[in-house]
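K.L.:
Numbering (this note's numbering), first residue to last: -6 to 280.
#1: Who are the Cβ neighbours of residue 256 in its own chain at under 6 Å, not counting the five residues just before and after it?
#2: Please list the terminal residues of the continuous alpha helix (DSSP H) segment that includes residue -1.
#3: CA-CA distance, residue 232 and residue 5?
#4: In terms of residues, what are the limits of the alpha helix (DSSP H) holding residue 49?
#5: When the Cα of residue 72 is compared with those of 263, 175, 267, 234, which residue comes out closest?
#6: Once you ignore the five residues that flank residue 53 on each side, which residues in its own chain have a CB closer than 8 Å to its CB?
#7: Kindly list the residues whose CB is nearer than 6 Å to the CB of residue 318, restricted to its own chain and excluding five residues on each side of it in sequence; keep chain order.
#8: Mind checking residue 260: buried by the 16 CB within 10 Å criterion, or exposed?
#9: Rounded to a whole number of angstroms, what is the C-alpha to C-alpha distance between residue 105 and residue 8?
#10: Given this structure, state the Cα-to-Cα distance separating residue 55 from residue 98, to the nearest angstrom.
#11: Using three-state DSSP, classify residue 72 as helix, strand or coil.
#12: On a CA-only basis, which of 108, 3, 236 is nearest residue 79? Give me that one, please.
#13: Among 100, 81, 50, 229, which one has its Cα closest to the Cα of residue 74?
#14: For residue 236, does the count of other Cβ atoms within 10 angstroms reach 16, so buried, or fall short, so exposed?
#15: Output the distance between the C-alpha atoms of residue 234 and residue 0, rounded to the nearest integer angstrom.
#16: Helix, strand or coil for residue 104? Go by DSSP, reduced to three states.
#17: Can the beta-carbon of residue 16 be found closer than 8 Å to that of residue 3?
#18: Run through DSSP, which three-state label would residue 65 get?
#19: Quick one: measure Cβ to Cβ for residue 68 and residue 153, integer angstroms, because I've assumed they're closer than 8 Å.
#20: Per DSSP, what kind of secondary structure is residue 270 in: helix, strand or coil?
#21: Can you look up residue 151 in the DSSP assignment and give me helix, strand or coil?
The structure is reproduced here in structure tokens:
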């Protein structure tokens, strides 16, 4: 830190981010935080952490806009559902749909929450792979009858699948195996219309192979990685603007010594400039 820090970019969990947030506030260092979920995609912001009264917030949340609550409510209202079961993955933070649950309660809807272990699909898949053919057919018939008898999956049932990231291949496979009516709500992360703007060769420190559209790895970047990439480009553009400002206090004024730690005098100005720079990139609007 004695050599100066322009900003912090993190993609970690909420608890670890809280420690960085405290450091950023104390030393006046802008902190661009991309909350990373177990599935590898950015999520809604973390719960508010305890803040020191009178201290400025130097953490800027970088994330996609969250429409999940509005979409669930819209779909349920269109079908006039008054009673239904909501299954959610064990890795999913149920606090993300608190607004939706509040709205259903206000409208008198009966909602039952059912938690499902995240590894259940893997367990069933491995079970089918290890069983012999005759056992497999017999087990499937028994399972199918049990499911139909309990009316979990029937021709007159309606399932709504809500998934942040489900590719077309998985979706097609799901539709072929489904019984009854299926509505899929998924969040897509649009790419720029001009594909040449995804990368700028020789203008960053990321592997140049990622700029080659023929490279299959360039199409397999996780969503969080794209947000990190865009955050770095955002900081680079901001830094270029600040270099043109002669009144700016450079990062060299930031010092961190064991006995005498002094905050960065230019941190507040840097954060304000970050907020003014257009917050767009490979992932469109970021903040």
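Where a beta carbon is used, it is the ideal one built from N, C-alpha and C, also for glycine.
Quick caveat, the model's predicted, so the values are computed rather than measured.
P.N.:
In short:
#1: 20, 21
#2: Per DSSP, residue -1 belongs to no alpha helix (DSSP H) and is neither H nor E.
#3: 24 Å
#4: Careful: residue 49 lies outside any alpha helix (DSSP H) and carries neither H nor E.
#5: 175
#6: 23, 24, 25, 26, 264, 267, 268, 280
#7: This structure cannot settle anything about residue 318, because the visible part of the chain is limited to -6 through 280.
#8: buried
#9: 29 Å
#10: 31 Å
#11: coil
#12: 108
#13: 100
#14: exposed
#15: 15 Å
#16: strand
#17: no
#18: helix
#19: 6 Å
#20: coil
#21: strand
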